[in-house]
Amino acid sequence: MTMAGGMKMYGKHRFPGRLFIVEGIDGSGKSTQLMLLQKWLESEGYVVYFSEWNSSPLVHEVTKRGKKKKMLTGMTFSLIHATDFADRTEHHIIPPLKAGAVVLADRYIYTAFARDVARCVSPKWVRDLYAFAVKPTVAFYFRTPLDVAMKRILGGRDALKYYEAGMDLGLSDDIEESFGLFQSRIIEEYEKMIDEFGLVAIDATRSIEEQQAEVRRIVSEALAGTKKTRIRRWLDIASLARGSRA
Amino acid sequence: MAGYSFFGEGLPGIDLAELKGKLIVLEGTDGVGRSTHIGLLKQWLENHGHAVLDTGMTRSALAGKKLKQAKEGHTLGGITMSLFYATDFADRLENEIIPALRAGFVVLTDRYIYSLIARAIVRGSDPEWLREVYGFALRPDAIFYLRLQIDDLVTRVLQSRGFDYWESGMDMHMGEDMYESFVRYQKWLLAEFDKMVETFGFQIVDASGSVEEVFENLRDRVDRVIARNGYGS
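Protein chains in written order, with our numbering: chain A, 1 to 246; chain B, 1001 to 1233.
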């Protein structure tokens, strides 16, 4: 029963775990950085939980169908994604945080704030909508100029999708042009959120290694007192016994 | 001219001045007779030359079907369910209710955001948060709250179809059996509705009389709403 405790609001959650999230436009390299962070945390012996976007099949089907049939408006697009995010929060974020894990998420509420506001939804309303979310320990924003990201995306993928390119906004009939216009609106929103939410901006034009070093330095500062597994230590002992390095 | 407004941060891209019809809401707990009266009112209004759209919860083209399945499977958490309902409602508001109002229809809706809010509060969501989420809803022209005391409600439900799993709040394990759970759950809902009477300006309609009596009462009140400021202004 959830009614006794009531609903916790953004910033009010107190869990032993840590939550690190990455944000940025498509092609900013944020997923690569998160993957590298995960490898490092695991090698350091932390209990790492990667929060995938694998929400309830029911919510997922509505989203998929809504997109395929182009049934979504700015409002229902926003609400169905918030439903999905709520499921993720209730099932894949809060439980591991309670258990003391280090939780990693590729995109978070700031994606919704940027994307929905770019779709003309009220900024205040969408922030209120996500008031149930857990405030991340650190939110990284991979800052990329639009042309750099566009080159990475358009070179590597064949087809842009309708909503992803913001075609529903009628900015342009050309899907690539629409994508560019939509992404520049999203960048504008991200830039505003750096101060509003204390996003940690990482210059994503630097080398992968340089960015990762900065990310690891910031994360390690935030990890004091976090639970580690003993598995690594036992492995080390086992490999020591064999006279080799793991 | 009265004109429509949103409760809070409204829907993007809607010109409220274009909405000409009337939005009339019937609210009340389960088993109070809402659907019976919607049917009767619709007939009566159509006989008097008004075009009517009747609509209700979990009927959206976007999410209605899956929402029903989610309810049956009850695997989704409280906040997720609240937002799933909100998605369904937004789809109906944008694709049914607003277009009908634009076309000058009388929209009769079986429940509105108030039931959704009451149900979500009982299941642990924050009341303030719910009001903000539903800020995109239109303020109706009238909200008729069909009200029955818990004892009358129990009698009526027993006489018609018996206790339903959801209407008894069995998902919340509130009592040892359906009866106990039904009473506790519906009492709680009633209390939440009663709290909303003043805040949202409900008109209370005593639903304990015969169908004819309740209908006559409702009909007169609906008549006044339609006549207010002249129809279609």
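Just so you know, even glycine gets a beta-carbon here, dropped at the ideal spot from N, CA and C.
Bear in mind that the values here come from a model prediction, so they are computed numbers and not experimental data.
Note on GLY1021 (chain B): 16 or more other CB atoms within 10 angstroms of its CB, so buried under the neighbour-count rule. Scanning A:GLY24, A:SER56 and A:ALA101 for the CA closest to the CA of VAL48 (chain A) turns up A:ALA101. When C-beta distances to chain B are compared with 7 Å, every residue of the region 22-43 of chain A stays at or above that value. In the DSSP assignment, GLY74 (chain A) falls within the alpha helix (DSSP H) that extends over 74-88. Interface with chain B (8 Å Cβ-Cβ cutoff): THR111 (chain A) is excluded. Assigned with DSSP and collapsed to three states, LYS1020 (chain B) falls in coil, not helix or strand. Listed by position along chain B, the residues whose Cβ is nearer than 8 Å to that of HIS91 (chain A) are GLY1077. About 11 Å separates the CB atoms of ILE153 (chain A) and GLY29 (chain A); that is not less than 8 Å, and the two are not in contact. The Cβ neighbour count for VAL1211 (chain B), taken over all protein chains shown within 10 Å, is under 16; the residue is labelled exposed. Shown here, THR226 (chain A) sits in coil according to DSSP, grouped into three states, outside any helix or strand. Secondary structure of GLN1186 (chain B) (DSSP, three-state): helix.
For VAL62 (chain A), at least one C-beta of chain B is nearer than 8 Å to its own C-beta. Excluding five sequence positions before and after TYR1145 (chain B), the CB atoms of its chain that fall closer than 7 Å to its own CB belong to GLU1027, GLY1028, PHE1193, VAL1197, PHE1202, GLN1203, ILE1204 and VAL1205, given in chain order. Between the alpha carbons of THR229 (chain A) and GLU42 (chain A) lies a gap of roughly 9 Å.
Inclusion of ARG1156 (chain B) and GLY1039 (chain B) in the CB contact set at 8 Å is not warranted, their separation being larger than that value. Counting other Cβ atoms within 10 Å of its Cβ, ALA105 (chain A) reaches 16 or more and is therefore classed as buried. Taken atom to atom, the span from the alpha-carbon of TYR1004 (chain B) to that of GLU1046 (chain B) is near 23 Å.
Using beta-carbon distances, GLY1031 (chain B) does not count as an interface residue toward chain A, since no partner is under 8 Å.
Scanning B:ILE1097, B:ASP1054, B:GLN1159 and B:GLY1073 for the CA closest to the CA of LEU1011 (chain B) turns up B:ILE1097.
Under a criterion of Cβ atoms nearer than 7 Å, no residue of chain B is adjacent to MET193 (chain A); the nearest Cβ is some 18 Å distant. In its chain, beyond the 5 residues on either side, LEU1023, ILE1024, VAL1025 and TYR1112 have a beta carbon closer than 7 Å to the beta carbon of PRO1140 (chain B). Residue contact with chain B for LYS67 (chain A): absent (no Cβ-Cβ distance below 8 Å to any residue of chain B). Within the region 1083-1100 of chain B, the residues whose Cβ lies closer than 7 Å to any Cβ of chain A are, in chain order, LEU1083, PHE1084, ALA1086, THR1087, ALA1090, ASP1091 and GLU1094. Identification of residues in the region 100-124 of chain A having a C-beta nearer than 8 Å to some C-beta of chain B yields ARG119, CYS120, VAL121, SER122 and LYS124, given in sequence order. Between VAL134 (chain A) and chain B, the shortest Cβ-Cβ separation is not below 8 Å. When Cβ-Cβ separations below 8 Å define contact, PHE1136 (chain B) makes contact with chain A. By the beta-carbon neighbour count (other beta carbons within 10 angstroms, threshold 16), GLN33 (chain A) is buried. Listed along chain A are VAL62, GLY66, MET71 and THR76, each with a C-beta nearer than 7 Å to that of LEU1062 (chain B). Boundaries of the alpha helix (DSSP H) around VAL1225 (chain B): 1211-1227. Here the alpha carbons of ILE21 (chain A) and LYS1195 (chain B) stand approximately 40 Å from one another. One finds GLY1078, ILE1079, GLY1124, SER1125, ASP1126 and TRP1129 in chain B with Cβ atoms closer than 9 Å to the Cβ of MET7 (chain A), taken in chain order. Bounds of the beta strand (DSSP E) holding ALA1142 (chain B) are 1142-1147. LYS1066 (chain B) counts as buried, since no fewer than 16 other beta carbons sit within 10 angstroms of its beta carbon.
ASP1126 (chain B) is positioned such that its CB atom lies closer than 8 Å to that of GLY6 (chain A).
Listed along chain A are MET75, each with a C-beta nearer than 7 Å to that of LEU1011 (chain B). In this structure GLY74 (chain A) is not in contact with ASP26 (chain A), their Cβ atoms being roughly 19 Å apart against a cut-off of 8 Å.
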